[in-house]
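Sequential numbering from 53 applies to the sequence shown in the working numbering.
Using N, Cα and C, we set each Cβ at its ideal position, and we do this for glycine too.
Just below is one structure, and these are the notes that go with it.
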Amino acid sequence: MSTEPARDPEAGKGGSRPVWVTVLKAGVLLLLLAAAVWYLISHELPTVQEVRSYVEGFGAWGPLVFAVVFVLVAATPVPVTIMAVSGGFLFGMAQGSVVGVAATTTGAWLGYWLARFLGRDALYRLAGPRMGAVERKLDGKGFLTVLVLRPVLPNWTLSYGSGLVRIPQRDYLAATLLGGMPGQISFAALGAFTSRPSWPALAAVAASWALVVVVGVFSWRRSRREVPPGGVAGGTEPAAGPGSAAEPDDAADQAEAGGPA
53 MSTEPARDPE AGKGGSRPVW VTVLKAGVLL LLLAAAVWYL ISHELPTVQE
103 VRSYVEGFGA WGPLVFAVVF VLVAATPVPV TIMAVSGGFL FGMAQGSVVG
153 VAATTTGAWL GYWLARFLGR DALYRLAGPR MGAVERKLDG KGFLTVLVLR
203 PVLPNWTLSY GSGLVRIPQR DYLAATLLGG MPGQISFAAL GAFTSRPSWP
253 ALAAVAASWA LVVVVGVFSW RRSRREVPPG GVAGGTEPAA GPGSAAEPDD
303 AADQAEAGGP A
């Protein structure tokens, strides 16, 4: 299900960015991650009641403020669980689920592009041809890879990693949406059950997590069937040409994004 444009073997030979640009972009990414880690270490995560008081303080703008904060949290290492549960607590299971799915997918997409734009140059300079080998192994398997790992890895880890290894954007978003939906519905149902206990909300929690397990097992088994004993689908892995993995393929990035990265 790959939508990645074909690689140009000559793309890495020219137009290399200056080293200082690569260092600057990587520094910005590390600074953003460090700020999120600092917040986790130095602050206690808010409770559902504290989130509710904060949102209600904005009056009619509260839902919009909540959604924006949710997106920003989903793009960082800060856990989204409190926001997801708070969505169900504030808006009910149905609306909270919609907000949770939309916000986590948007935040994951933002993290994907932060890592892809800021970190890929530095990663290519450090890893060299090894990055090309990793991307060739993932060629055509981006959707299943993300779908299998979505219930296992934290949201930000998967989004940043997918951006760094250039898993196709459409594959990444589709797998993130499908793989993240059961968890977000269950968290919203849990929040709704906390504020207004009911059997439907409790049943939604159980059904959502059962769906997480089913999707995870199905995706894992399908990915195992598609990988031949040699490791790379389709046969022997091609040798890396000169410069083909030394730098990111900017032309492919622009083609996928619809414009400059």
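Cβ-based burial, residue i [other Cβ within 10 Å; buried from 16]
| i | result |
| --- | --- |
| residue 72 | exposed |
| residue 120 | exposed |
| residue 172 | buried |
| residue 255 | exposed |
| residue 248 | exposed |
| residue 157 | buried |
| residue 258 | exposed |
| residue 197 | buried |
| residue 262 | exposed |
| residue 182 | exposed |
| residue 83 | exposed |
Of the residues the options, the one placed nearest residue i, counting alpha carbons only
| i | options | result |
| --- | --- | --- |
| residue 244 | 140, 259 and 158 | 140 |
| residue 194 | 217, 182 and 175 | 217 |
| residue 118 | 133, 99 and 138 | 138 |
| residue 112 | 98, 84 and 143 | 143 |
| residue 162 | 225, 97 and 151 | 225 |
| residue 265 | 152, 219 and 199 | 199 |
Span separating the alpha-carbon of residue i from that of residue j
| i | j | result |
| --- | --- | --- |
| residue 70 | residue 125 | 32 Å |
| residue 101 | residue 242 | 14 Å |
| residue 160 | residue 74 | 23 Å |
| residue 201 | residue 269 | 11 Å |
| residue 273 | residue 231 | 15 Å |
| residue 136 | residue 203 | 15 Å |
| residue 116 | residue 93 | 28 Å |
| residue 229 | residue 95 | 30 Å |
| residue 133 | residue 239 | 7 Å |
| residue 114 | residue 251 | 28 Å |
| residue 170 | residue 214 | 13 Å |
| residue 148 | residue 178 | 42 Å |
| residue 103 | residue 81 | 27 Å |
| residue 219 | residue 227 | 11 Å |
| residue 151 | residue 76 | 34 Å |
| residue 99 | residue 246 | 13 Å |
Beta-carbon spacing of residue i, residue j below 7 Å
| i | j | result |
| --- | --- | --- |
| residue 146 | residue 122 | no |
| residue 176 | residue 211 | no |
| residue 174 | residue 78 | yes |
>> I'd like to know if the segment 106-115 and the segment 201-213 are in contact, where contact means that at least 3 CB-CB pairs between them fall below 8 Å.
In response: In the pairwise beta carbon analysis, the segment 106-115 is classified as not touching the segment 201-213: fewer than three pairs are separated by under 8 Å.
> Looking at C-beta atoms only, is the number of pairs between the segment 125-139 and the segment 89-96 that lie closer than 8 Å three or more?
Replying inline: yes
>> Under 8 Å, with one C-beta from each stretch per pair, do the segment 231-238 and the segment 181-196 reach the 3-pair mark?
In response: no
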